[in-house]
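Novice:
There are 2 protein chains.
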Amino acid sequence: MEKCNCSNCELKAMFFENISKDDINSICSRKIEKSFDKGDYILSQGDEIMDFLYLKSGLVKLFIHNENDKEQIIAFAKPFDFLSILSVFSGKYYSYSIKAIEKSVTCNIKMEEIRKLAAENGAFSFDLLQRMSLISDKIILESLEIRKRNLKGRVAYILLFFKNHIYQAAEFELPISRKEIAEYIGMTTENVIRALTEFRKDNIIKIYGKVIEITDIKRLESISKHG
Amino acid sequence: MEKCNCSNCELKAMFFENISKDDINSICSRKIEKSFDKGDYILSQGDEIMDFLYLKSGLVKLFIHNENDKEQIIAFAKPFDFLSILSVFSGKYYSYSIKAIEKSVTCNIKMEEIRKLAAENGAFSFDLLQRMSLISDKIILESLEIRKRNLKGRVAYILLFFKNHIYQAAEFELPISRKEIAEYIGMTTENVIRALTEFRKDNIIKIYGKVIEITDIKRLESISKHG
DNA sequence: CGCGGCTTTGATGTTCATCAAGTAAAGTGG
DNA sequence: CCACTTTACTTGATGAACATCAAAGCCGCG
Numbered sequence: 007m008e009k010c011n012c013s014n015c016e017l018k019a020m021f022f023e024n025i026s027k028d029d030i031n032s033i034c035s036r037k038i039e040k041s042f043d044k045g046d047y048i049l050s051q052g053d054e055i056m057d058f059l060y061l062k063s064g065l066v067k068l069f070i071h072n073e074n075d076k077e078q079i080i081a082f083a084k085p086f087d088f089l090s091i092l093s094v095f096s097g098k099y100y101s102y103s104i105k106a107i108e109k110s111v112t113c114n115i116k117m118e119e120i121r122k123l124a125a126e127n128g129a130f131s132f133d134l135l136q137r138m139s140l141i142s143d144k145i146i147l148e149s150l151e152i153r154k155r156n157l158k159g160r161v162a163y164i165l166l167f168f169k170n171h172i173y174q175a176a177e178f179e180l181p182i183s184r185k186e187i188a189e190y191i192g193m194t195t196e197n198v199i200r201a202l203t204e205f206r207k208d209n210i211i212k213i214y215g216k217v218i219e220i221t222d223i224k225r226l227e228s229i230s231k232h233g
Numbered sequence: 007m008e009k010c011n012c013s014n015c016e017l018k019a020m021f022f023e024n025i026s027k028d029d030i031n032s033i034c035s036r037k038i039e040k041s042f043d044k045g046d047y048i049l050s051q052g053d054e055i056m057d058f059l060y061l062k063s064g065l066v067k068l069f070i071h072n073e074n075d076k077e078q079i080i081a082f083a084k085p086f087d088f089l090s091i092l093s094v095f096s097g098k099y100y101s102y103s104i105k106a107i108e109k110s111v112t113c114n115i116k117m118e119e120i121r122k123l124a125a126e127n128g129a130f131s132f133d134l135l136q137r138m139s140l141i142s143d144k145i146i147l148e149s150l151e152i153r154k155r156n157l158k159g160r161v162a163y164i165l166l167f168f169k170n171h172i173y174q175a176a177e178f179e180l181p182i183s184r185k186e187i188a189e190y191i192g193m194t195t196e197n198v199i200r201a202l203t204e205f206r207k208d209n210i211i212k213i214y215g216k217v218i219e220i221t222d223i224k225r226l227e228s229i230s231k232h233g
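Residue numbers (this note's numbering), protein chains in the order written: chain V, 7 to 233; chain B, 7 to 233.
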């Protein structure tokens, strides 16, 4: 836990436009950075909402715990995504958990500061509203996208998701386990593996442990679209 | 299409707290009400976002169209729920459609007015943020709830949803078709019917056409929880 | 080294979608 | 208001998709 050097902090450049230099400096001087290792909990379902968090670097998963010890992954977040989403401004406790799936750094700002700034500054508040809505929008539409696909379509979809939105490369090291893919797309681990194996046998992807190379993008896209 | 008499409009009482009398009156004097019959489109996916809408009376469904002519229902909205959700403040076109499933009246406010008010009034803007987030929150968590259940659990869940959140009564006329239930819970119409039939045979519900009477709430709740 | 979790494959059974066909209900035009 | 068309509802039969159970190899970690 350490204060960040904000002189080149991206918050300044891209967080919001409608905020004064003074306010930015005030926030920057009081915000705190925290580092997390792969697998660390960043926050737990039920935790009191104290800070507003965004991800400075790394990759994390947002998920909820179920009765029977199973987890449902809501979304993945990448650098500069907000981690405080859903009803963080109206609720008292987090309704979901966050875990780092790669070494990550979060930027923590006292919720009270955001709240105060928002109350004083309509434009800032409206920016916040827009960004928060966009995030929920993405999560909802994405879950509908996944839901309308069958097993192979879902696995194809998530591979393309990592290719296009996280790594921008046809070859990448899958940051999550097969089990986590399953928890995200709502299928079992075994069947995720079976789908991957089939893609491999059909020469659509190559698998080297965690590393996936998509060799036939067109066909993978077709499977994602039409099952 | 008509101006509403706002003297007793609920907008005044419950819309937001942090808004001045002048502003409320200004909005009220310019807002427009529209009436829709059962089955009418209130707006269509792709429509330009011009107004901010909330539901004054009736019941509607929010849904998206898919390639193959199928619909996925995102949520139902009841009186005083916002109909303009997701990225209505940042996007230019609606990403979903809304249809009245009962005779409904919407209240339409120029988006520009909301935007202006929000920019000027941080507290109002923050209220808006809170309410918008709460809605998305509900949609996301509800979809996770549904997703973790099997067919019978899902049907039980939606029956209890109508009982608890829409009608507050164990007997009610289902406002939606079996097909729409299917589109909401992500199963086929036939299987929704089979689940209902089975509930009827097990003396958990009674069915009189569209009218459902839940006679064994405990058992229905148990099915909703444990499949 | 050994333990626990992740991965993989296979066998089996359940759940669910699809297809088909018929009845009921609701809307439509003469 | 009736014939007509369409849409909703229902049931059954069948097969595909997927979950579950089991077992074994692999890998990382203390």
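Ideal placement from N, C-alpha and C gives every residue a C-beta, glycine not left out.
A quick note: this is a predicted structure, and the numbers were derived from the prediction, not measured.
What's the gap between the Cα of V:Glu77 and the Cα of B:Asp57?
Specialist: Counting from 1 along the first sequence, the entry for residue 77 of chain V is found at position 71. Counting from 1 along the second sequence, the entry for residue 57 of chain B is found at position 51. Taking the straight line from one Cα to the other gives about 39 Å.
Novice: Check whether the Cβ atoms of V:Ile104 and B:Ile145 lie closer than 8 Å to each other.
Specialist: Against the first sequence, residue 104 of chain V aligns to sequence position 98. Against the second sequence, residue 145 of chain B aligns to sequence position 139. Not closer than 8 Å, so no.
Novice: Any idea if B:Asn74 is buried or exposed, counting beta-carbon neighbours within 10 angstroms, 16 or more meaning buried?
Specialist: The residue you call residue 74 of chain B lines up with position 68 of the second sequence. Looking at its Cβ environment, which holds fewer than 16 other Cβ atoms inside 10 Å, B:Asn74 is exposed.
Novice: Pairing CB atoms from the region 93–100 of chain B with CB atoms from the region 126–141 of chain V, are three or more of them under 8 Å?
Specialist: A contact exists between the region 93–100 of chain B and the region 126–141 of chain V.
Novice: Considering just the uninterrupted stretch of the beta strand (DSSP E) at B:Thr221, what are its terminal residues?
Specialist: As a working note, residue 221 of chain B is residue 215 in the second sequence. Element bounds for B:Thr221: n/a, residue is neither H nor E.
Novice: Let me see if you follow: with CB-CB separation under 8 Å, is V:Met138 close to chain B or not?
Specialist: In the first sequence, counting from the first residue as 1, residue 138 of chain V sits at position 132. For V:Met138, the answer is yes, since a Cβ of chain B falls inside 8 Å of its Cβ.
Novice: Going straight from the alpha carbon of B:Ala125 to that of B:Phe132, what length do you get?
Specialist: Counting from one through the second sequence, the residue named residue 125 of chain B turns up at place 119. Counting from one through the second sequence, the residue named residue 132 of chain B turns up at place 126. Cα to Cα, the separation comes out at about 10 Å.
Novice: Examine chain V for any beta-carbon lying closer than 8 Å to the beta-carbon of B:Asn31, and answer yes or no.
Specialist: Here residue 31 of chain B is taken as the residue at index 25 of the second sequence, counted from 1. No, no contact with chain V.
Novice: Exposed or buried, B:Tyr163, counting other C-beta atoms within 10 Å across all chains shown (16 or more means buried)?
Specialist: Within the second sequence, the letter at position 157 stands for residue 163 of chain B. By the neighbour-count rule (16 or more Cβ atoms within 10 Å), B:Tyr163 is buried.
Novice: Is the separation between the beta-carbon of B:Ala188 and that of B:Leu157 shorter than 8 Å?
Specialist: Numbered from its first residue, the second sequence carries residue 188 of chain B at position 182. Numbered from its first residue, the second sequence carries residue 157 of chain B at position 151. No, the Cβ-Cβ distance between B:Ala188 and B:Leu157 is not below 8 Å.
Novice: For B:Leu68, report the span of its beta strand (DSSP E) as first-last.
Specialist: Sequence index remark: in the second sequence, residue 68 of chain B carries index 62 (1-based). Start and end: 66–71.
Novice: Give the single residue among V:Leu61, V:Glu204, V:Arg184 whose Cα lies nearest to the Cα of V:Thr195.
Specialist: For the purposes of this step, residue 195 of chain V is identified with residue 189 of the first sequence, where counting begins at 1. Checked all of V:Leu61, V:Glu204, V:Arg184; the closest Cα to V:Thr195 is V:Arg184.
Novice: Rounded to a whole number of angstroms, what is the C-alpha to C-alpha distance between B:Lys109 and B:Met193?
Specialist: What you label residue 109 of chain B is simply residue 103 of the second sequence in a count that begins at 1. What you label residue 193 of chain B is simply residue 187 of the second sequence in a count that begins at 1. Computed Cα separation, rounded: 27 Å.
Novice: Relative to the alpha-carbon of B:Ser90, which residue among B:Ser230, B:Ala176, B:Leu61, B:Ile218 has its alpha-carbon at the smallest distance?
Specialist: Along the second sequence, read from residue 1 onward, the residue named residue 90 of chain B stands at position 84. Closest by alpha carbon: B:Leu61.
Novice: Give the range of the alpha helix (DSSP H) segment to which V:Glu54 is assigned.
Specialist: The sequence position of residue 54 of chain V within the first sequence is 48, counting from 1. It is not in any alpha helix (DSSP H) - V:Glu54 carries neither H nor E in the DSSP assignment.
Novice: Return the residue from the list V:Ile199, V:Ile220, V:Thr203 that minimises the CA-CA distance to V:Phe168.
Specialist: Along the first sequence, read from residue 1 onward, the residue named residue 168 of chain V stands at position 162. Checking every option, the nearest Cα to that of V:Phe168 belongs to V:Ile220.
Novice: Within this structure, are the beta carbons of B:Glu179 and B:Lys212 separated by less than 8 Å?
Specialist: As a working note, residue 179 of chain B is residue 173 in the second sequence. As a working note, residue 212 of chain B is residue 206 in the second sequence. Not a contact, by the Cβ cut-off of 8 Å.
Novice: Write down the C-beta distance between V:Phe69 and V:Ile79 rounded to the nearest angstrom, noting that I regard them as a contact closer than 8 Å.
Specialist: Stepping through the first sequence from its first residue, residue 69 of chain V is reached at position 63. Stepping through the first sequence from its first residue, residue 79 of chain V is reached at position 73. That pair is a contact at about 4 Å.
Novice: Under 8 Å, do B:Ala129 and B:Asn24 count as touching if we go by C-beta distance?
Specialist: Translated into the one-based positions of the second sequence, residue 129 of chain B becomes position 123. Translated into the one-based positions of the second sequence, residue 24 of chain B becomes position 18. Yes.
Novice: So with CB distances below 8 Å, who are the chain B contacts of V:Glu126?
Specialist: What you label residue 126 of chain V is simply residue 120 of the first sequence in a count that begins at 1. Result: Gly128.
Novice: Span of the beta strand (DSSP E) holding B:Tyr214?
Specialist: Mapped onto the second sequence, residue 214 of chain B falls at position 208. Segment 211–214, the beta strand (DSSP E) holding B:Tyr214.
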